[in-house]
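Numbering (this note's numbering), first residue to last: 15 to 445.
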């Protein structure tokens, strides 16, 4: 307990009341003492196929015994090419060049560098500014910290951040308890055009958005909003980047939110469910002509992109990802998510009349319960998360938003049990 500095954790509070998982299977965790904890968050959006999948474990073991590691600097492993092909087949048409990393944060920084390299390769190296949104989360490397629109993720690191301008987020009070995409608010995308006019479109490399803002509490895009962003980006020559680290691999009912909402970005980041959470891995999908422009501009035998990671395309991670994609395909889990979504969202919406519930939002297999304010921002959310653990439920809390993202293999009885625990805790008068 003395030596591990836990991330995104009040370490003092944790030492007073440790909450530890020792085992997982299906949609359940168990503590070292044997208490069963229902997993209502797919770990951290990572495990849509449930925990302890034998198919993935076997693939990992076989790969370790065949080729445990190779660098992908000037060398490569065969299964990295197989994985890139499988991903290209799932992705929207045109996004068929894949760059691998180890986390969503790495994918975001990689996407930023690819944008900069592309503009420089086509003679527009002055495009160095990025646009993001308030309440955005794009990981915690320096690039993602710069893009962040969550104040606590930025305030202590402002001296290390790069040039980013933020648009408004898309939530408004009039949307409360309206599941699905809001009917109004597409005009908020016009913030991007105003930024282009204020800062000069010729200085802007790209705009990063989460199709659904997940980590802050499932903020949905209004109808027509993403389409409008696409049109403005095209008008001013900006690259549109979708951060699908949370929404990718069936969370919205489609393989990716880009397909669900009918808008194709120029680049896309993915991670988490790529390996069903078993081995850290991420990827950036890039439009074909963007990669080709960078390659064509390089001279001699130098690498075209001076960027990469020791664990890029790690062969064991590739094996885990290929096995995960097989499970998603062979068990129809994306289709299962789409079919289960109405049941999940209706159950979630049944909590709306509880005294501590301020709002409920959701789409596909992800939803959020916004709590009424406590004495200070985030205090009630922190308390409720700890109480839920004691009652046998794991989920993610960001501030006063409780985020629920069950695995796609969750049965309706288990889903009902998760909601009942939520109802019991949120019905307490002493929160």
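In this text, a Cβ means the ideal position worked out from N, Cα and C, and glycines have one as well.
Whether residue i touches residue j by CB criterion (8 Å)
i, j, result
"residue 285", "residue 91", "no"
"residue 125", "residue 308", "no"
"residue 293", "residue 334", "yes"
"residue 258", "residue 270", "yes"
"residue 150", "residue 419", "no"
"residue 402", "residue 395", "no"
"residue 123", "residue 173", "no"
"residue 231", "residue 361", "no"
"residue 371", "residue 128", "no"
"residue 159", "residue 144", "no"
"residue 154", "residue 167", "yes"
"residue 94", "residue 113", "no"
"residue 290", "residue 70", "yes"
"residue 375", "residue 193", "yes"
"residue 373", "residue 191", "yes"
"residue 255", "residue 279", "yes"
"residue 266", "residue 108", "no"
Residue i (DSSP reduced to helix, strand or coil)
i, result
"residue 71", "helix"
"residue 382", "strand"
"residue 293", "coil"
"residue 415", "strand"
"residue 346", "coil"
"residue 154", "coil"
"residue 125", "helix"
"residue 109", "strand"
"residue 114", "strand"
"residue 443", "coil"
"residue 352", "helix"
"residue 410", "strand"
"residue 301", "strand"
"residue 310", "helix"
"residue 387", "coil"
"residue 367", "coil"
"residue 421", "coil"
"residue 140", "coil"
"residue 318", "coil"
"residue 268", "coil"
"residue 132", "helix"
"residue 338", "helix"
"residue 95", "helix"
"residue 331", "helix"
"residue 263", "coil"
"residue 326", "coil"
First and last residue of the uninterrupted alpha helix (DSSP H) at residue i
i, result
"residue 373", "Note, residue 373: premise wrong, no alpha helix (DSSP H); beta strand (DSSP E) at 371–377."
"residue 431", "426–440"
"residue 398", "393–405"
"residue 30", "25–30"
"residue 275", "271–275"
Segment limits, beta strand (DSSP E) that includes residue i
i, result
"residue 284", "281–284"
"residue 145", "143–147"
"residue 179", "178–181"
Requested in this report: Could you name each continuous beta strand (DSSP E) segment of 3 residues or more that falls completely within the stretch 214–261, going from the start of the chain to the end?
Outcome: The beta strand (DSSP E) runs of length 3 or more contained entirely in the stretch 214–261 are, from start to end of the chain, 218–223, 253–257.
Query raised in the report: Contact between the stretch 177–184 and the stretch 199–208: three or more CB pairs below 8 Å?
Result: yes
Requested in this report: Flag this pair as touching only if the stretch 230–244 and the stretch 127–144 have three or more C-beta atom pairs under 8 Å; answer yes or no.
Outcome: They do not touch, by the three-pair rule.
Requested in this report: Could you name each continuous beta strand (DSSP E) segment of 3 residues or more that falls completely within the stretch 32–92, going from the start of the chain to the end?
Outcome: 37–39, 42–44, 50–53
Query raised in the report: Quick one: any contact between the stretch 333–353 and the stretch 302–319, if contact means 3 or more CB pairs under 8 Å?
Result: no
Query raised in the report: Just checking, does the stretch 212–220 make contact with the stretch 37–52 on the three C-beta pairs under 8 Å criterion?
Result: The stretch 212–220 is not in contact with the stretch 37–52.
Query raised in the report: If we count Cβ pairs, one from each stretch, closer than 8 Å, do we get three or more for the stretch 433–445 versus the stretch 67–83?
Result: no
**Report entry** At least three beta-carbon pairs within less than 8 Å, the stretch 350–366 to the stretch 239–246
**Finding:** no
Report task. Count the C-beta pairs between the stretch 28–38 and the stretch 411–418 that are closer than 8 Å, then say yes if the count reaches three, no if not. Result -> With the cut-off at 8 Å, the stretch 28–38 and the stretch 411–418 do not touch.
Requested in this report: Just list the beta strand (DSSP E) runs in the stretch 160–211, keeping only unbroken ones of 3 residues or longer that don't cross its boundaries, in chain order.
Outcome: Assignment of beta strand (DSSP E) within the stretch 160–211, counting only whole runs of 3 or more residues, yields 178–181 in chain order.
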